[in-house]
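Data first, discussion second: the structure below is written as structure tokens.
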Amino acid sequence: MTKHIFVTGGVVSSLGKGLNSASIGLLLESRGLKVNLQKFDPYVNVDPGTMSPFEHGEVYVTEDGAETDLDLGHYERFTNATINKNCNFTTGTIYYSVITKERRGEYLGKTVQIVPHITNEIKECIKKIASEGVDVAISEIGGIVGDIESQPFLEAIRQFGQEIGRKNVLYIHLTLVPYLKAADEMKTKPTQHGVSLLRQAGIEPDILICRTEKSLTADIKNKLSLFCSVDKEAVIEEKDVKPYLYEIPILLREQGLDRIIVEKLGLKADGHNLQEWEEMLDTLKNPRFSTEVAVVGKYIGHQSAYESIYEALTHGGVANNAGVKVRRVEAEDVERKGSERCLEGVKGILVPGGFGERGIEGKVLAARYAREKEIPYLGICLGLHCAVIEFARNVCGLKDANSTEFDRHTKDPVICLLEEQKGVKNLGGTMRLGAHPCQLQPDTKAFRAYGKESISERHRHRYEFNNAYKKLFTSKGMVFSGLSPDGNLVEIIELREHPWFVMAQFHPEFKSKPTRPHPLFREFIRAALTTGKAVEELAYGRSALNPKS
Ligand code: GLN
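Residue numbers (numbering that gives the first Met the number 0): 0 to 548.
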């Protein structure tokens with residue numbers, strides 16, 4: 000029988016429930032348990048796919064093509080859980096399903112209510128990740144206790160615990176213990192209030208994870224334990240670990256969190272093995288080499304808008320025993336100030352995915368700078384589109400070349416709408432989404448990176464390379480190194496006469512893990528470390544590199 004952990008948050012949002020859920024998943028896996036994870040987002044949107052990255056950060060795409068919350072990216076990076084459509088539900092999806100059933104007459108004329116219909120629907124969603132063989136299902140409740148929209152979710156997880164038996168369920172509450180400088184004191188009151196709100200919802204937390212700037216004194220721990228009715232050893236301290244997010248599981252384990260969970264749930268899972276993770280962390284914290292790459296995007300000021308990209312760059316660094324410094328460049332700044340001022344000195348340039356016209360010309364300039372200065376370039380989705388536009392204009396002489404996303408009537412639509420997108424009207428969930436197979440051409444940089452012919456990668460786009468230009472571009476030095484199995488869609492393009500210029504129509508960042516760096520990120524960073532001036536400046540040669548995978 001699957002045991003359940005529910006993770007709630009109090010006091011303020013953004014305390015890292017996702018990272019903590021993922022860390023708990025990793026710790027349980029390190030004890031040989033099989034875990035699954037999911038997140039409930041209490042907002043009304045059906046999914047974050049149509050939300051602005053400024054509003055919501057990155058949209059994370061699963062293998063089966065769900066557009067989801069970025070916390071699912073943490074789940075996949077930390078654990079081996081199967082992350083799919085069943086791992087992210089919102090108030091929107093829950094109501095959508097209940098209303099659809101009501102319209103079909105499935106409630107047999109009953110009055111449809113939040114309790115029991117909405118709460119039952121939430122409980123059904125929880126059960127979806129408790130499939131055969133799963134020892135522990137971890138469900139994270141987004142937002143914080145006290146939010147109006149969280150109420151049905153709290154009621155559902157309360158009922159769930161009651162139904163499957165309290166000993167089969169753990170409630171873990173993430174909270175903030177602030178330090179007041181003027182009083183030189185840590186304050187437990189916000190946590191007490193958060194826990195009292197949980198209690199009003201009928202939930203007694205079993206474990207408190209306390210985000211804090213300073214260590215919790217024994218006194219504070221005692222107070223929290225007493226006032227919140229949580230065992231003393233189950234008051235866990237979590238100090239800021241930035242920039243090493245991957246340290247969180249280690250911090251939690253040092254305080255026995257996984258042991259406490261296993262004991263409280265009555266699971267048999269002695270011993271643990273985190274060796275691979277610890278080795279990764281060691282390389283991350285003490286890299287032998289270093290490099291700097293630029294990410295040229297349009298949500299640069301927003302920390303989480305390119306979450307998986309930044310993480311995958313870090314992983315690429317780990318694979319090469321290198322620390323990767325990221326220069327975050329606003330695409331419009333490149334338009335205003337020029338490439339040289341924004342990009343001078345970087346050893347690699349990455350243009351990530353994106354939508355809409357703002358900043359496009361800056362990204363085109365960045366691609367040009369990378370091509371002309373022979374700086375390694377990794378273009379992802381829109382980053383491929385921009386580099387293709389640049390190549391068309393400046394190498395092939397097609398001065399007006401563009402994507403029909405930005406100029407519907409361009410004379411040279413080198414990037415155009417996918418055939419399957421032509422009658423699509425609704426915005427939500429209608430892109431080419433999720434994993435698709437791709438065949439790599441031998442003797443290309445892409446093939447050398449992956450070391451195999453057949454790969455599968457995740458997509459999220461409506462536009463693609465226009466095959467009418469393939470012949471011309473090939474004659475000018477473009478190599479179409481990855482194609483869909485039927486040969487109709489271009490998935491990877493590279494430049495022959497360049498140290499490392501690779502563009503992907505898919506999103507490799509979604510499949511990169513700290514312990515399994517994605518081949519394209521690994522090779523991009525390797526190229527950044529070994530091309531041009533970088534070699535002399537770092538005073539080591541190619542042979543000195545000893546990538547781990
Ligand atoms: N806007 C482009 C498209 O829809 C690129 C999307 C992306 O970068 N994910 O095809």
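Even for Gly, the Cβ is constructed at its ideal location relative to N, Cα and C.
Predicted model, so just to flag it, every value in this text is computed and none were measured.
Is the beta carbon of residue i sitting closer than 8 Å to the one on residue j?
i	j	result
Gly316	Ile524	yes
Leu27	Asp257	yes
Ser289	Lys336	no
Gly17	Lys38	yes
Leu225	Ile4	no
Glu404	Gly361	no
Ala200	Leu153	yes
Thr78	Ala136	no
Leu488	Glu463	yes
Ile202	Ile140	no
Ser307	Phe509	yes
Val514	Val478	Sequence check: residue 514 is Thr here, not Val. For Thr514 and Val478, no; Cβs fall outside 8 Å.
Ala445	Ile491	yes
Phe500	His301	no
Pro516	Ala318	yes
Leu312	Val292	yes
Ala80	Asn19	no
Pro204	Val229	yes
Val345	Ile299	no
Thr7	Leu283	no
Heavy atom of ligand 1 less than 7 Å from the Cβ of residue i, yes or no?
i	result
Tyr305	no
Tyr59	no
Leu381	yes
His3	no
Phe354	yes
Tyr298	no
Glu404	yes
Arg30	no
Tyr170	no
His384	yes
Arg459	yes
Tyr376	no
Tyr106	no
Tyr468	no
Tyr449	no
Tyr309	no
What residues in its chain sit with their C-beta under 8 Å from that of residue i, if we drop five residues either side in the sequence?
i	result
Ser214	Glu236, Lys238
Asn83	Thr61, Glu62, Asp63, Ala65
Cys385	Val350, Ile359, Lys362, Val363, Ala365, Ala366, Gly378
Ala391	Leu397, Ala400, Asp411, Val413, Tyr468, Phe472
Cys437	Ser453, Ile454, Ser455, Glu456, Gly481, Leu482, Ser483, Pro484, Glu490, Ile491, Phe505
Ile219	Val176, Met185, Thr187
Locate the beta strand (DSSP E) running through residue i, then write down its first and last residues.
i	result
Ile147	Per DSSP, Ile147 belongs to no beta strand (DSSP E) and is neither H nor E.
Ile171	168 to 175
Gln438	431 to 439
Ser453	453 to 460
Ala503	500 to 503
If I'm right that residue i touches residue j with Cβ under 8 Å, what's the distance once you round it to whole angstroms?
i	j	result
Pro151	Ile125	That pair is no contact at about 13 Å.
Gly56	Arg210	Contact doesn't hold; Cβ gap of about 19 Å is too wide.
Ile206	Ile128	With a Cβ gap of about 20 Å, Ile206 and Ile128 do not count as contacting.
Val194	Cys227	4 Å
Leu550	Leu377	The requested residue 550 does not occur in the structure, where the chain is confined to residues 0 to 548.
Val413	Val394	At roughly 11 Å, the Cβ-Cβ gap does not stay under 8 Å, so Val413 and Val394 are not in contact.
Gly48	Gly427	6 Å
Report all residues from its chain with a CB closer than 7 Å to the CB of residue i; omit the five preceding and five following residues, and keep chain order.
i	result
Ala543	At Ala543, the pLDDT of 37 sits below 50, so the modelled position is not reliable; the number obtained from the coordinates is stated separately. Cβ neighbours of Ala543 beyond the five flanking positions: none.
Ser12	Gly142, Ile143
Lys33	Gly132, Val133, Asp134
His460	Cys380, Met430, Arg431, Gln504
Ser96	Glu120
Glu246	Val240, Leu280
His497	Arg370, Glu373
Tell me which residues share the same chain as residue i and place their Cβ nearer than 6 Å to its Cβ, disregarding the 5 neighbours each side in the sequence.
i	result
Tyr539	At Tyr539, the pLDDT of 38 sits below 50, so the modelled position is not reliable; the number obtained from the coordinates is stated separately. Nothing listed; no residue qualifies.
Val534	Residue placement at Val534 is poorly supported in this model, since its pLDDT is 42, which falls under 50; the coordinates still yield a value, given next. Same-chain partners within the cutoff: there are none.
Cys86	Gln37, Leu71
His271	Ser29, Arg30
Glu418	none
Lys547	The pLDDT assigned to Lys547 is 38, lower than 50, so where the model puts this residue is not dependable, and the model offers no usable value.
Quick one: give me the first and last residue of the alpha helix (DSSP H) that residue i is part of.
i	result
Glu306	306 to 318
Val194	188 to 199
Arg327	Where Arg327 is concerned, there is no enclosing alpha helix (DSSP H), although the beta strand (DSSP E) it sits in stretches over 321 to 329.
Arg525	518 to 529
Phe405	No alpha helix (DSSP H) contains Phe405, which DSSP labels as neither H nor E.
Tyr376	Premise fails: Tyr376 lies in the beta strand (DSSP E), 376 to 379, not in any alpha helix (DSSP H).
Asp257	256 to 263
Asp70	70 to 77
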